Amino acid sequence: MSFGHVVTSFTGLRAKTEGEDFIVEESQESSGLLNVAAIDSPGLTAAPAIAEYVVELIKNKLGNMQKRADFNPNRRPNIHFMELSDTEKAKLIQEDPRYGRIICRCEQITEGEIIDVIKRKVGARTLDGVKRRARPGSGRCQGGLCAPRVMEIIARELGIDITEVVKDSEDSYILTGKTK
């Protein structure tokens, strides 16, 4: 891709320490907080073992835990509109016309998909939460074109003012007020 076609870019950053590698321990400053940091190479191959170790740390911290008999580990899969057949798309649009409105042009994400991830049992409540679950803002423009529309949907579906929509966490407000 020529540089002239790049709308935005991203560079990952991994936290490192001066000395220690593979810090996996309870924080000395904040009880109940586990530090899992400075995971250098071979972090990917070590990830399953680290996860098992963290589970044991949590079990030891919380004590006797029982698996709920009524726990259902399965969840309804997300709808990926663009992966559906033409027949499935037409049926879905007939059932809910919001699946016929494209919100994110880069990733071809519909209004229906965004509403679905907001309305789930553990639904998205932030702009980044919607991005992680349904992918709007993950394409070439990184949300430069669709973020305002996604924010409007979040505000409408949660019954809040658009100025209350946050990027990722409490107080990470995107808007401070309205200009018009």
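Be aware that the sequence shown starts at 1, since it is given in UniProt numbering, and climbs by one per residue.
The beta carbon of each residue, even a glycine, is placed where N, CA and C say it ideally should be.
Computed from a predicted structure; not experimentally measured.
For V130, is the classification buried or exposed, using 16 other Cβ atoms within 10 angstroms of its Cβ as the cut-off for buried? Along the sequence shown, one-based indexing puts residue 130 at 130. Buried: at least 16 other Cβ atoms inside 10 Å.
Closer than 8 Å is the cut-off here; do at least three beta carbon pairs connect the stretch 40–50 with the stretch 93–103? no
Alpha carbons only, please: which of R149, G139, N78 and Q108 is nearest the one belonging to K121? Translated into the one-based positions of the sequence shown, residue 121 becomes position 121. Comparing Cα-Cα distances from K121 to each of R149, G139, N78 and Q108, the minimum goes to N78.
Rounded to the nearest angstrom, how far is the Cβ of I115 from that of I153, given a contact under 8 Å? Stepping through the sequence shown from its first residue, residue 115 is reached at position 115. Stepping through the sequence shown from its first residue, residue 153 is reached at position 153. That pair is a contact at about 7 Å.
Relative to the C-alpha of D168, which residue among S27, T126 and T179 is closest? Locating residue 168 in the sequence shown gives position 168, counting from the first residue. It is T126.
N-terminal and C-terminal residue of the beta strand (DSSP E) that I102 is part of: Along the sequence shown, one-based indexing puts residue 102 at 102. I102 to C104 is the extent of the beta strand (DSSP E) around I102.
Same chain, Cβ closer than 8 Å to N35, five either side skipped, listed in chain order: The count along the sequence shown starts at 1 and reaches residue 35 at position 35. Answer for N35: I23, V24, E25, E26 and S27, listed in chain order.
Considering Cα atoms alone, identify which of M151, P42, D21 and Q108 is closest to R140. Numbered from 1 along the sequence shown, position 140 holds the residue referred to as residue 140. The option with the nearest alpha carbon to R140 is Q108.
For T126, name the three-state secondary structure that DSSP assigns. Residue mapping note: residue 126 aligns to position 126 of the sequence shown, counting from 1. Correct three-state label for T126: coil.
Paired residues, beta bridge with V24 - DSSP: Locating residue 24 in the sequence shown gives position 24, where the first residue counts as 1. In DSSP, V24 forms a bridge with V36.
Proximity to G112 [Cα-Cα], best of T87, R149 and V165: Your numbering for residue 112 matches position 112 in the sequence shown. Among T87, R149 and V165, the Cα nearest to that of G112 is on R149.
CA-CA distance, S30 and L175? Locating residue 30 in the sequence shown gives position 30, counting from the first residue. Locating residue 175 in the sequence shown gives position 175, counting from the first residue. The alpha-carbon atoms of S30 and L175 are separated by roughly 31 Å.
Measuring CA to CA, which of G32, A38, M151 and N74 is closest to L62? Counted from its first residue, the sequence shown places residue 62 at position 62. Of the candidates G32, A38, M151 and N74, the one whose C-alpha sits nearest the C-alpha of L62 is G32.
Contacts around K119, its chain only, beta-carbon distance under 8 Å, and the 5 residues preceding and following it disregarded: Against the sequence shown, residue 119 aligns to sequence position 119. Only E157 meet the Cβ criterion.
If you draw a straight line from the alpha carbon of T110 to that of E56, how long is it in whole angstroms? The count along the sequence shown starts at 1 and reaches residue 110 at position 110. The count along the sequence shown starts at 1 and reaches residue 56 at position 56. Taking the straight line joining both Cα atoms gives about 41 Å.
How big is the Cα-Cα spacing for I93 and C146? Mapped onto the sequence shown, residue 93 falls at position 93. Mapped onto the sequence shown, residue 146 falls at position 146. About 21 Å.
When the Cα atoms are used, what is the spatial distance from H80 to P136? Position 80 of the sequence shown, counted from the first residue, corresponds to residue 80. Position 136 of the sequence shown, counted from the first residue, corresponds to residue 136. Straight-line Cα distance between these residues: approximately 12 Å.
Where does A90 land, buried or exposed, given buried means 16+ other C-beta within 10 angstroms? The sequence position of residue 90 within the sequence shown is 90, counting from 1. Flag for A90 reads exposed.
Measure the alpha-carbon distance for G123 versus D21 and round it to whole angstroms. Residue numbering aside, residue 123 sits at position 123 when the sequence shown is read from its first letter. Residue numbering aside, residue 21 sits at position 21 when the sequence shown is read from its first letter. Answer to the nearest angstrom: the Cα atoms are 35 Å apart.
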